[in-house]
Amino acid sequence: MTAKLLKGKEIREEILAEIKAEVDEIKEEHGVVPGLVTILIGEDPASVSYVTAKIKTANSLGFKEVQVNKPDTISEEELLALVDKYNKDDTVHGVLVQLPLPEHIDEKKVITAIDPDKDVDGFHPINMGRLVIGGSEVKFLPSTPAGIQEMIKRAGVKTEGAEAVVVGRSNIVGKPIAIMLMQKADGANATVSVIHTRTRDMAFHCKRADILIVAAGVPGLVKPEWIKPGACVIDVGVNRVGYKISKKTGKKVALLKGDVDFEAAQEIAGWITPVPGGVGPMTITMLMRNTLNSLKYKLGIS
Ligand code: GUN
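Residue numbers (our numbering): 386 to 687.
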C-alpha cells in the first residue's frame, strides 16, 4: 500500500482563502482587521523561522501585525510589561509569545499573564480548562492540535470508535490532541491512549493504532513495523538533523526529519503527513483562524 499524503501545504491554501474572505468582509462592515502581536525573545533559529512564517501569513491576510523582537537578556519583568501593554491595546486581538523562553524567565508566568481572550495559542490555563470541558466552552484550540484534527477530518479518516494513540504528552500537542480526540464531537469520539518516555512497550500500543499521532521530538522514533496497515499517521516531529542547499534559493537551509521513518512508513500507512509540508503549515493557519475568531468574539459576530 502507498499512503495518501496529507499535505498541510495544500489544505492550508483552502483555509487561508476562507479566512481572507472573512477578514475583507469584516473590514468592510466594521472597519477593523484582526491584530496579532508576535513576541520573539532571542535568536533561536527554529523560533525565528516559525515567527517569520507567522508574520508573513498574517500580513498576507491583511491582519495588523506587530512584531516585537527582544534580546534574550530581557528580564521577566520587562517581558510581563510587554504582554500587559498588548493585553490593553484594543487594536490587538492575539498576543503570542514564542516558546521556548530563556531559562531565567518563568514560561508559566508569562503564559498566564496573557489575557485569556487574546490567548490565540490556547496555552493559558483558562483556555486549557475550556478545552477539557469541550463544546461551546472552547474559545481557542491550540494551533497544532487544531491543525491535526482539521487534516484528519478533511481527509475523511473515521475517528468515531477508532483507536487513537498519541506519542508524547506535551502541553502544546500531546495532551490537547488527546483530549480533543476523546470529546463527544465531530472529528472525535475516538478511544485515546497517550504513550510517552516511561511507557513500557511503545511498539505494542503503536501497532494497534488506527490513528497514530507522533509528537515526541525524536527523529525516526516510530519504526515502520509499529504501524498498523492502513493507519492514519500524523507526524508532528520537526527535527533539525543537518543542513542542505536549497534548490530554489541556493542558500543553506535546515534539513528536517520527522519522528517517523517516512519512506518506509508510507508503504504501510493509509494516510501519512510528510515532514516538512505536513502538520507545520496547518499550525500557522489555525493560529490565523484563532486571531480572526478573537476579533469576531469581540464584535459579537461568531
Ligand atoms: N513554540 C513551538 N510551537 C509553538 C506554538 O505553537 N506557539 C508558541 N507561542 N510557541 C511555540
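The beta-carbon is built from N, C-alpha and C at its ideal position, and this holds for glycine as well.
Check: ASP620, enclosing beta strand (DSSP E) - first and last residue; Outcome: 617-620
Check: Identity of the residue in TRP611, LYS637 and VAL621 nearest PRO604 by Cα; Outcome: VAL621
Check: LEU446 Cβ short of 7 Å to the ligand GUN heavy atom set; Outcome: no
Check: ALA402 burial status per 10 Å Cβ neighbour count (16 or more: buried); Outcome: exposed
Check: When ILE657, LYS637 and ILE669 are compared against ASP646, the one with the closest alpha-carbon; Outcome: ILE657
Check: Distance cut-off 7 Å: ASP474 Cβ against heavy atoms of the ligand GUN; Outcome: no
Check: Where ALA431 sits in the DSSP three-state scheme; Outcome: helix
Check: Residue from VAL480, ALA563 and ILE404 with nearest C-alpha to TYR471; Outcome: VAL480
Check: Beta-carbon spacing of THR529, ILE557 below 8 Å; Outcome: yes
Check: Cβ pair VAL577, ALA594 closer than 8 Å; Outcome: no
Check: Inter-stretch contact at 8 Å, needing at least 3 Cβ pairs: the segment 441-453 / the segment 503-513; Outcome: no
Check: Cβ-based neighbour list, VAL495, same chain, cut-off 8 Å, excluding 5 preceding and 5 following; Outcome: GLU461, LEU464, LEU465, VAL468, VAL482 and LEU486
Check: ILE557 Cβ short of 7 Å to the ligand GUN heavy atom set; Outcome: yes
Check: THR442 CB to nearest heavy atom of the ligand GTP below 7 Å; Outcome: In the structure on display, the ligand GTP does not appear, and the ligands it does have are the ligand GUN.
Check: Straight-line gap, CYS359 to GLY627 (C-alpha atoms, nearest Å); Outcome: In the structure as shown, the chain starts at 386 and stops at 687, and residue 359 therefore has no counterpart that could be examined.
Check: Pick from ILE669, HIS509 and ALA431 that is closest to ASP625, judged by C-alpha positions; Outcome: Here residue 625 is Arg; the residue named in the question, Asp, does not match the sequence. Per the Cα distances, ALA431.
Check: Closest Cα partner of PRO527 within the set ARG674, LEU680 and TYR682; Outcome: ARG674
Check: Close Cβ partners of HIS590 (< 6 Å) along its chain, the five nearest in sequence each way excluded; Outcome: VAL550, SER578 and ILE580
Check: THR387 Cβ short of 7 Å to the ligand GUN heavy atom set; Outcome: no
Check: Pick from PHE525, ASP429 and THR442 that is closest to LYS394, judged by C-alpha positions; Outcome: THR442
Check: GLU610: first and last residue of the uninterrupted alpha helix (DSSP H) it sits in; Outcome: No alpha helix (DSSP H) holds GLU610; DSSP gives it neither H nor E.
Check: Backbone CA spacing between GLY507 and GLU545 [nearest angstrom]; Outcome: 25 Å
Check: 8 Å Cβ cutoff met for LYS613 and GLY572; Outcome: no
Check: beta-carbon VAL621 near the ligand GUN non-hydrogen atom, thresh 7 Å; Outcome: no
Check: Cβ-heavy atom distance, THR529 to the ligand GUN, below 7 Å; Outcome: yes
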